Structure formats: C-alpha cells, structure tokens
Amino acid sequence: MRIIFMGSAPLSCESLQALRQRAGIDLLAVVTQPDRPKGRELKLQPSPVKLFAVQQNLRVLQPERARSPDFINEVRTLGPDLIVVAAYGQILPQELLQVPQFGCINVHTSLLPKYRGAAPIQAAILNDEPETGVTIMKMDAGLDTGDLLSQERTAIGPEDTAQTLHERLAQMGAGLLMRTMPEYVSGRLTPKPQPAEGVSYAPKIKKQDGRIDWTKPGRTIWNQVRGLVPWPGAFTFMPADPHPQLLKVWAAEVVPLSGPAGEVLRADNHGIVAGCGDQAMRITELQREGGRRLPADQFLAGHRLQPGTRLG
2 MRIIFMGSAP LSCESLQALR QRAGIDLLAV VTQPDRPKGR ELKLQPSPVK LFAVQQNLRV
62 LQPERARSPD FINEVRTLGP DLIVVAAYGQ ILPQELLQVP QFGCINVHTS LLPKYRGAAP
122 IQAAILNDEP ETGVTIMKMD AGLDTGDLLS QERTAIGPED TAQTLHERLA QMGAGLLMRT
182 MPEYVSGRLT PKPQPAEGVS YAPKIKKQDG RIDWTKPGRT IWNQVRGLVP WPGAFTFMPA
242 DPHPQLLKVW AAEVVPLSGP AGEVLRADNH GIVAGCGDQA MRITELQREG GRRLPADQFL
302 AGHRLQPGTR LG
C-alpha cells in the first residue's frame, strides 16, 4: 500500500508510528502544517509530526494550504493508494480527496456525529459525557461529515483530564486504524453514512474559555478544570498589588459546602475551598502566573490567601 499521511498535532504521532511499523506499507510522504512562531520570542517551531517524521527519515511536505494546486499536483505525482489523516488541521478539498484510489480516511477522536470539529476531547469532558471514543471515517469535503468505517468507545473516569484522554484516544485511534484499514481496502467493510440525529460541534478552544465563572455549579467548574488541561487551563484571579494576579487551577474537586460564589471559604493543608453557584470547589493544585505548579499546601506556605478573599 502506497500511503501519504497527513497530521500535525501530538495525537497524530501514534497513528503515524503505527503506519511506520506496519509491514507492507510504503509511506510516500508525511504532510504537516508549516512551522509556526511560538513562545515569547516567536521562534518558528515544527509540528510534533514533523519532528517525528524527520527522526524517521521520512519525506516531509508542508503546504500553507492543502487546496493549493501545486500541492495537489505533487500528491498526484506521488501516486498514493490511500491518504490517512489524523488531526491535520485543515479541511481537504474534493480535488485532493479524489486523488487516491481508496480516497482518504480520517482518525477522529469522538463518536461521530457527536463533536465534529477541532476540540472533541475537551468538549466531551466539558459537557460531562460519560464516554467518548474514536471514529475512523472515509472523508468527504465537509467538516467531519464523511461515512463511518469503525468506532471504539471508552469511559471517561473522574480522574481523566483532556491530557489523559488525549493519550488514551491517540493509542486507541492508532490501533483501530490498523484494524480498519485492511478491511476497508479489501472491500470487506462498507462505509455507512453518519446518522442525521445527534450531530454536534466542538469548536476550537480559545484562551478565554479557561476563565472560571464562579457563579456556575461546582461540577461544571470541575469539568472545566479537567477539560482544559494542559491548555489553556482553567484560571481565575486573586487580589494583589498593583493588579490582580492570575491563578491557573491544575486540579480540584467538588465539595458539599456552600458560600458566596468565588469567595475563599477555607485555605489549609487540604486545599483552597471557594464557593460556587452550587456547592464548592476545593483547589488542590495551582500555579501563580510566572510561578511553579504547586500543591495547595505548598502554595499557601508562600502566599497569603485568607478566608473571605474573593476570586474572580
């Protein structure tokens, strides 16, 4: 099988590695997003997929736009039988989808048609879903609207964060891809249209989505904390001079207490308890802007945060 792989995010690397290790596959090229400026100095940084591909001595292509005629012609010249996509970051045009004999298949980290779009892992936790999963689909020109090939489910536990779920779904997706691909290519697996019912979308996460609204129920804020690890992280502000200081909340739990929304009710070795719209939240791990990530007791040893302080 002559295959081109398209991916950019860390999640993509598991599927790329699985393809790399599979006998009978000729990886013609790895397509990923162009290097982007990151960090305070805005230095150009390669995608995780590019780093992996370079280490494996694979050919790397980085078109600015996947719909570029020059790029599509380059893919056509390479002559892939199949294109495999996982968290690439652009919608592929119909002209590109039609190049390979077997089209393009995609690894998507939700149970489609639920949570089409850019942030399905975070959305599943933010919306208090009991389970999620991975879908292998045959791509069309829409946003995650293609026919279904296979799905696998996993429960979302109270200990899960977007990071732990990301790692689990990346491994599940790679395994499901390896099982699905030969069945699909051989014709033993018939693509099925997605159900019309249950369609929802998971838009790209923005930094401001992390700001905690303490008037919301404790469980909603708890899901926000878990669902936005590691980026952008749930955050709030505490009073400080000359201006309020940002606090990033890394871990927390709901406790059966009540008090004014955002007011610190307790601050001791067990954590920092703040009132919510319903019940309260005990912060057990946090980070001051510019500081280190610390357990609550260590944080309190260096920062005065008295009961009655209002977070917001």
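Per this note's numbering, the sequence shown starts with residue 2, numbered consecutively. Just so you know, even glycine gets a beta-carbon here, dropped at the ideal spot from N, CA and C. Treat the numbers as computed from the prediction; the structure is a model and nothing was measured.
Cβ-based neighbour list, D82, same chain, cut-off 8 Å, excluding 5 preceding and 5 following: Taking the sequence shown and counting its residues from 1, the one referred to as residue 82 is at position 81. For D82, where only same-chain residues beyond five positions count, the Cβ hits under 8 Å are M2, R3, I4, P101, Q102, F103, V186.
Sequence ranges, alpha helix (DSSP H) only - wholly within the stretch 163-202, length at least 4: As far as the stretch 163-202 is concerned, its whole alpha helix (DSSP H) runs of at least 4 residues are 163-186.
Straight-line gap, M158 to A19 (C-alpha atoms, nearest Å): As a first step, residue 158 is located in the sequence shown; it is residue number 157 there, counting from the start. As a first step, residue 19 is located in the sequence shown; it is residue number 18 there, counting from the start. For clarity, residue 158 is Gly in the given sequence; the question names Met instead. Taking the straight line from one Cα to the other gives about 26 Å.
Distance, L301 Cα to D269 Cα: Here residue 269 refers to the residue found at position 268 when the sequence shown is read from its first residue. Here residue 301 refers to the residue found at position 300 when the sequence shown is read from its first residue. C-alpha separation (whole angstroms): 7 Å.
Segment contact flag, the stretch 32-42 with the stretch 55-64, C-beta cutoff 8 Å, min 3 pairs: Output reads yes: the stretch 55-64 touches the stretch 32-42.
Inter-residue Cα distance where the pair is M239 and V265: Position 238 of the sequence shown, counted from the start, is the residue given in the question as residue 239. Position 264 of the sequence shown, counted from the start, is the residue given in the question as residue 265. When rounded, the separation of the alpha-carbon atoms in M239 and V265 is 10 Å.
Continuous beta strand (DSSP E) stretch holding C105: start and end: As a working note, residue 105 is residue 104 in the sequence shown. Membership of C105 in the beta strand (DSSP E) is indicated by the continuous run 105-109.
Delimiting residues of the alpha helix (DSSP H) encompassing L127: In the sequence shown, residue 127 corresponds to position 126, counting from 1. Run containing L127: 121-127, per the alpha helix (DSSP H) assignment.
Selected residue, minimal CA-CA separation from A119, among I137, Q91, Q164: In the sequence shown, the residue the question calls residue 119 occupies position 118. Taking the Cα of A119 as reference, the smallest distance to any Cα among I137, Q91, Q164 is reached at Q91.
Closest Cα partner of A88 within the set P94, S48, N74, V76: Numbered from 1 along the sequence shown, position 87 holds the residue referred to as residue 88. Of P94, S48, N74, V76, the residue nearest in Cα terms is S48.
Separation of M173 from G278, as counted between CA atoms: Sequence index remark: in the sequence shown, residue 278 carries index 277 (1-based). Sequence index remark: in the sequence shown, residue 173 carries index 172 (1-based). Cα-Cα distance, rounded: 37 Å.
In chain order, each beta strand (DSSP E) run of at least 3 residues that lies wholly inside the stretch 64-92: Along the length of the stretch 64-92, whole beta strand (DSSP E) runs at least 3 residues long occupy 83-87, reported in chain order.
Top-ranked residue by Cα proximity to K217, from V255, P245, P183: The residue labelled residue 217 in the question sits at position 216 within the sequence shown. Residue V255 holds the alpha-carbon nearest to the alpha-carbon of K217 among V255, P245, P183.
For E290, the three-state DSSP class (helix, strand or coil): The residue given as residue 290 occupies position 289 in the sequence shown. DSSP, reduced to helix, strand and coil, places E290 outside both helices and strands of the structure shown, so it counts as coil.
Sub-9 Å separation of G260 and A281 beta-carbons: Residue 260 sits at position 259 when you count from the first residue of the sequence shown. Residue 281 sits at position 280 when you count from the first residue of the sequence shown. Less than 9 Å divides the Cβ of G260 from the Cβ of A281.
Pick from T136, A262, E168, L93 that is closest to L144, judged by C-alpha positions: To locate residue 144, count along the sequence shown from 1; it is residue 143. Residue L93 holds the alpha-carbon nearest to the alpha-carbon of L144 among T136, A262, E168, L93.
Rounded Cβ spacing between R283 and P308 (contact assumed at less than 8 Å): The residue given as residue 283 occupies position 282 in the sequence shown. The residue given as residue 308 occupies position 307 in the sequence shown. Not confirmed; about 13 Å, so no contact.
Integer-rounded CB distance, given that C14 should sit under 8 Å from F53: Against the sequence shown, residue 53 aligns to sequence position 52. Against the sequence shown, residue 14 aligns to sequence position 13. Right, their Cβ atoms sit about 5 Å apart.
Cβ-Cβ separation, T155 to L12 (assumed contact under 8 Å), whole Å: Working through the sequence shown from its first residue, we reach residue 12 at position 11. Working through the sequence shown from its first residue, we reach residue 155 at position 154. Contact flag wrong, Cβ pair sits at about 14 Å.
Start and end residues, beta strand (DSSP E) containing V255: On the sequence shown, residue 255 is found 254 positions in, with the first residue counted as 1. Unbroken beta strand (DSSP E) run through V255: 246-256.
Residue range of the alpha helix (DSSP H) that includes A19: Your numbering for residue 19 matches position 18 in the sequence shown. Per DSSP, A19 belongs to the alpha helix (DSSP H) from 11-22.
As assigned by DSSP and simplified to three states, the class of G303: To locate residue 303, count along the sequence shown from 1; it is residue 302. Here G303 sits in helix by DSSP.
Sequence-distant residues of its chain with Cβ nearer than 7 Å to L127 (five each side left out): Position 126 of the sequence shown, counted from the start, is the residue given in the question as residue 127. The beta carbon of L127 sits closer than 7 Å to those of N224, Q225, G228, all from its chain and outside the five residues before and after it, given in chain order.
Extent of the continuous alpha helix (DSSP H) to which V100 belongs: Start at 1 with the first residue of the sequence shown, and residue 100 comes out as number 99. Here V100 belongs to no alpha helix (DSSP H), and DSSP marks it neither H nor E.
Enclosing beta strand (DSSP E) for G44 [first to last residue]: Working through the sequence shown from its first residue, we reach residue 44 at position 43. Rather than Gly, the amino acid found at residue 44 in this sequence is Lys. For K44, the enclosing beta strand (DSSP E) covers residues 44-46.
Contact check, L178 vs E184, beta carbons under 9 Å: The residue you call residue 178 lines up with position 177 of the sequence shown. The residue you call residue 184 lines up with position 183 of the sequence shown. The Cβ atoms of L178 and E184 lie no closer than 9 Å to each other.
Identity of the residue in G291, M182, P204 nearest G25 by Cα: On the sequence shown, position 24 is the one that residue 25 refers to. Nearest of G291, M182, P204 to G25, Cα basis: M182.
9 Å Cβ cutoff met for P147 and Q195: On the sequence shown, residue 147 is found 146 positions in, with the first residue counted as 1. On the sequence shown, residue 195 is found 194 positions in, with the first residue counted as 1. Reading the sequence as shown, one finds Gly at residue 147 and not Pro. Yes.
Span separating the alpha-carbon of T285 from that of T237: In the sequence shown, counting from the first residue as 1, residue 285 sits at position 284. In the sequence shown, counting from the first residue as 1, residue 237 sits at position 236. Rounded to whole angstroms, T285 to T237 spans 14 Å at the Cα level.
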